[in-house]
Amino acid sequence: MLVESMTGYGVFTTDKKGTISSWNAGAQKLFGYKEKEIIGKNASLIFRQKDINKHKLQNELQKVTLKGKVIVERYHVHKDGSEFWASGLIFPLGDEKDISRGFTFIARDLTEKVEFEKRKDDFISTATHELKTPITSMKLYAQVVEQEIKKSGNKSNLRSVVVLNKQLTKVMALMDYLLDVDKIRKGKLELKKIIFDMNKLIKETIEMIQIVSLKHVIIHEGKVNKKIYGDKNRLGQVLANLITNAVKYSPSAEKVIVRSDNNTQETVISVKDFGFGISKTEQSRISGRFFRTSAAIEHKVDGIGLGLYVAKQIIKGHKGKLWFESEVDKGSTFYFSLPQKI
Ligand code: ADP
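So the mapping is simple: my numbering equals the position in the sequence shown, first residue as 1, plus 1333.
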């Protein structure tokens, strides 16, 4: 009765081989097949041909056998041939990992959500591109006015113009992040790789951030003994993001430690802080677009939750990894690794 009443969810069961053995009203609504026409058929009927060719269903069932349950997101095919994006859960019908009785599938149509996300992304993309030119020229004029006021010796409006310039710098940094996100979405985040000295890049980045971080001492430990082949500016952006975060999210601490090491396989850079940390429940959501922890919001720390998302993509573009360890009220360490040959 419970399964039948879940009309928003397609719920069905299969035997060990994926032959459908029960089918609720939600599954009928979602996939278009009536109970009597689908019972006894293989669940691959609701999979796309290319997924059938890749043995997707069998692979997923294999995973359930190993793990007990799996969460999946993929396209499904409706009876009328149309395709839709769905999220679902597959688990053994009997006890955990005992698949002798078959499997239970729960699926939900996510097409609307995906389309909404796309419309949102399109809007952000258009708005950012349209705003970029006027904001860049506002910044240029504001800089000219600041220079003029400084030259004239009449300092009465200087403070306002300095504040205006600072705020415009923040707006431009936000625009740059939004433009990066748009490039990532379109697969156009290009990396201009060169051979460079990572130690120098770390030193310069620390110096740049140290000037504006009066409370923290940013310490650099370790050394990279090999030259790096990568996009220097983009890797500098990742470093700056991690160090700025370490400072921002540890307002009561006094130091941040940047460490760099390498072995024959890879170079690993870490940034350690002694701040808020990130709770276990929120850790899996870090580096999702626009995600901010409750601690960041509670403490009213400035930010929009795009830096780590962009950083992760940049490191991925270098075939490296970005990860972190964190404990609430003790602090966090963010790492990224770059393979020796990238
Ligand atoms: P932003 O700092 O602009 O919000 P990021 O993408 O750089 O964006 O970080 C995403 C979120 O991850 C932050 O809002 C914060 O909640 C959390 N976070 C990042 N770095 C740290 C850190 N060192 N310590 C604690 N929380 C962090």
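Where a beta carbon is used, it is the ideal one built from N, C-alpha and C, also for glycine.
Is the closest heavy atom of ligand 1 to the C-beta of residue i under 7 Å?
i	result
G1638	yes
G1569	no
R1381	no
R1625	yes
D1606	yes
A1573	no
K1581	yes
A1629	yes
N1386	no
Measure the C-alpha to C-alpha separation of residue i and residue j and round it to an integer number of angstroms.
i	j	result
I1661	E1615	Correcting the residue type first, residue 1661 is Val in the shown sequence and not Ile. Each residue's Cα considered, the two are about 11 Å apart.
Y1642	G1365	38 Å
V1580	I1647	21 Å
N1532	K1451	40 Å
K1369	G1414	19 Å
V1304	A1506	Examination of residue 1304 is not possible in this model, given that the chain is present from 1334 through 1675 alone.
T1406	A1419	Rather than Thr, the amino acid found at residue 1406 in this sequence is Glu. One C-alpha to the other measures close to 6 Å.
K1663	F1607	6 Å
I1544	D1384	54 Å
I1542	E1587	14 Å
T1459	E1445	21 Å
Would you say residue i and residue j are within 8 Å of each other, going by their C-beta atoms?
i	j	result
V1397	I1439	no
V1410	F1380	yes
F1424	F1436	yes
L1394	I1561	no
L1524	K1516	no
V1571	T1600	no
I1619	I1611	yes
By the three-class DSSP mapping on this structure, what secondary structure does residue i have?
i	result
E1587	coil
Y1474	helix
D1594	strand
R1567	helix
V1514	helix
S1665	strand
Y1562	strand
E1660	strand
V1604	strand
Residue i: which of the options sits nearest, CA to CA?
i	options	result
K1633	T1469, L1655, L1464 and S1583	S1583
D1442	N1596, Q1395, K1362 and P1672	K1362
I1457	D1513, Q1480 and R1492	D1513
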